[in-house]
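A.B. asks: Got a structure here, written out as structure tokens. Questions coming.
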Amino acid sequence: MTKADGMLTRRKIRLEQVELDDPRDNEVLVRISSCGICGTDRGAIHGLEPYPTPGVLGHEGCGIVEAVGREVTAWKPGDRVMIGFAYCGYCRSCRRGQHRYCENGAKLNFSGYRMDGSSGMKRRNGEAVAGRFFQQSSWATHALAVENQLARVPDGLDLDTTGPYGCSISTGAGTILNELRPEPGSSLAVFGAGNVGLAAIMAAQLSGVTRIIAVDKDRKRLALAKELGATDTLVHGAGTVLEIKDLVGDKLNYSVEATDGENLVSEAVAALGVLGTCAMVGGAAATEFVKVNHPDFLLHGKRLIGVVGGGGQTPMFLEALMDLQLQGRFPVEKLMKTYDFADIDKAIDDSDDGRTIKPILKMNG
Ligand SMILES: [Zn+2]
Ligand SMILES: [Zn+2]
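Using numbering that gives the first Met the number 0, the first residue of the sequence shown is number 0, and each one after it goes up by one.
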């Protein structure tokens with residue numbers, strides 16, 4: 000079958016017709032309705048993360064099931080689905096229910112190919128294309144995905160708001176609800192009010208946290224953070240840690256570092272009170288080092304944990320978040336702006352310079 004896909008050559012994106020195989024026994028062909036643009040896509044475009052070319056990016060796809068492999072029983076043509084990240088299902092982490100820490104995750108999500116080295120996507124001249132980014136490559140009109148990575152979109156919810164549950168939104172929400180699990184009455188500071196940080200704030204509001212402090216350099220984003228549940232907002236500057244202590248004393252229970260490239264982990268740790276926990280989520284460059292002052296970090300029972308993708312991102316968790324959105328309790332649509340697929344370069348630029356928090360590329364009506 001012949002499909003139109005967004006081809007990647009460094010910063011330049013080209014739309015090109017390529018061919019997808021039919022789904023394998025455990026795979027599903029999804030007609031992509033829309034797909035988000037996430038920091039990991041941009042990292043690959045800017046050469047910060049390796050991804051082979053020619054290749055197709057996109058890992059926040061959603062759409063309608065068009066065909067299913069012979070052994071697929073959970074899905075049928077016409078089902079509305081969003082595509083989560085890929086996991087093998089049989090490694091130690093997967094067997095413990097920690098799919099986000101799948102031992103085969105690096106290969107499944109970033110190699111551009113299946114575990115056996117095949118892609119299922121090729122150019123018309125037969126050249127293989129790295130068409131399995133997160134086992135979906137959804138900057139495309141159609142994508143092959145594995146049946147176990149799909150989640151069902153509830154009736155009544157706008158399908159085109161659900162793709163980012165595959166990565167950025169579940170990353171922020173899962174950091175709070177799966178990893179930190181704050182007790183009612185606790186306090187939280189979120190560094191970075193982008194799509195991950197704002198999702199963390201919305202989730203915190205559902206958790207019984209009574210003090211939610213949003214920190215960002217952009218006042219517009221802080222205003223949105225307030226609308227979504229932050230009780231306090233701070234414009235980031237040299238005095239941020241002291242300002243947090245002015246608000247909650249030396250008692251901050253939790254902090255989340257969710258900035259995109261700016262490593263504020265040391266501040267997020269320094270802001271914590273005794274026995275506080277900092278979750279490091281943001282996408283600082285691989286060359287960055289975390290610097291922490293000794294008394295701030297090693298003493299007083301503080302903990303620093305790394306969180307990938309919000310931890311336990313099971314399809315059930317994704318479906319729970321979508322139910323909350325449908326009920327108006329998790330208004331993730333407020334972060335989004337839709338672009339035509341052909342305007343992909345503009346959407347990436349708008350995301351790079353912070354004009355748009357969550358761009359959504361629209362592929363099919
Ligand atoms: Zn696994
Ligand atoms: Zn992502």
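We treat Cβ as the ideally placed atom computed from N, Cα and C, and that holds for glycine.
Are Asn252 and Glu146 closer than 8 Å when you measure CB to CB?
C.D. replies: no
A.B. asks: Listed in chain order, which residues are found with a beta carbon closer than 7 Å to a heavy atom of ligand 1?
C.D. replies: Tyr86, Cys87, Gly88, Tyr89, Cys90, Ser92, Cys93, His98, Cys101, Glu102, Asn103 and Gly104
A.B. asks: In whole angstroms, give me the CA-to-CA distance for Ala144 and Gly196.
C.D. replies: Cα to Cα, the separation comes out at about 28 Å.
A.B. asks: Can you find a heavy atom of ligand 2 that lies under 7 Å from the Cβ of Thr39?
C.D. replies: yes
A.B. asks: Give the secondary structure of Ala270 by DSSP, where H, G and I count as helix, E and B as strand, and everything else as coil.
C.D. replies: coil
A.B. asks: Quick check: does the Cβ of Ser167 come within less than 7 Å of any heavy atom belonging to ligand 2?
C.D. replies: yes
A.B. asks: Can you give me the C-alpha to C-alpha distance between Ile63 and Asp159, rounded to a whole angstrom?
C.D. replies: Taking the straight line joining both Cα atoms gives about 11 Å.
A.B. asks: So, at 6 Å on beta carbons, what are the nonlocal neighbours of Arg220 in its own chain, with the 5 sequence-adjacent residues on each side left out?
C.D. replies: Excluding sequence neighbours, Arg220 sits near Ala192.
A.B. asks: Taking DSSP's pairing of strands, which residues face Leu56 in a bridge?
C.D. replies: Looking at the DSSP assignment, Leu56 forms no beta bridge with any residue, so it has no partner.
A.B. asks: Where Ser206 and Met120 are concerned, what is the direct C-alpha to C-alpha distance, given to the nearest angstrom?
C.D. replies: 43 Å
A.B. asks: Quick one, are the C-beta atoms of Ser265 and Lys290 less than 8 Å apart?
C.D. replies: yes
A.B. asks: Who are Thr161's beta bridge partners in DSSP?
C.D. replies: Under DSSP, Thr161 shares a beta bridge with no residue.
A.B. asks: May I ask whether a heavy atom of ligand 2 can be found less than 7 Å away from the beta carbon of His293?
C.D. replies: no
A.B. asks: If you draw a straight line from the alpha carbon of Lys357 to that of Arg302, how long is it in whole angstroms?
C.D. replies: 30 Å
A.B. asks: Identify which residue in Glu70, Arg69 and Ser92 has its Cα closest to the Cα of Gly310.
C.D. replies: Between Gly310 and the set Glu70, Arg69 and Ser92, the nearest pair of CA atoms involves Ser92.
A.B. asks: Do the region 117–137 and the region 52–69 make contact, defined as three or more Cβ pairs closer than 8 Å?
C.D. replies: yes
A.B. asks: Please classify Glu318: does DSSP put it in a helix, a strand, or coil?
C.D. replies: helix
A.B. asks: Just to confirm, is the Cβ distance from Val80 to Ala150 under 8 Å?
C.D. replies: yes
A.B. asks: Could you check which residue in Ala198, Val152, Asp157 and Gly155 has the C-alpha nearest to that of Thr170?
C.D. replies: With respect to the C-alpha of Thr170, the residue from Ala198, Val152, Asp157 and Gly155 having the closest C-alpha is Ala198.
A.B. asks: Tell me Ile381's beta-bridge partners as DSSP assigns them.
C.D. replies: Residue coverage of the chain in this structure runs from 0 to 364, which leaves residue 381 outside it and unanswerable.
A.B. asks: When every heavy atom of ligand 2 is checked, does at least one fall within less than 7 Å of the C-beta of His141?
C.D. replies: no
A.B. asks: What do you get for Tyr89, buried or exposed, if any count of 16 or more other CB atoms within 10 angstroms of its CB means buried?
C.D. replies: That one is exposed.
A.B. asks: In whole angstroms, what is the alpha-carbon distance linking Leu274 and Tyr100?
C.D. replies: The alpha-carbon atoms of Leu274 and Tyr100 are separated by roughly 25 Å.
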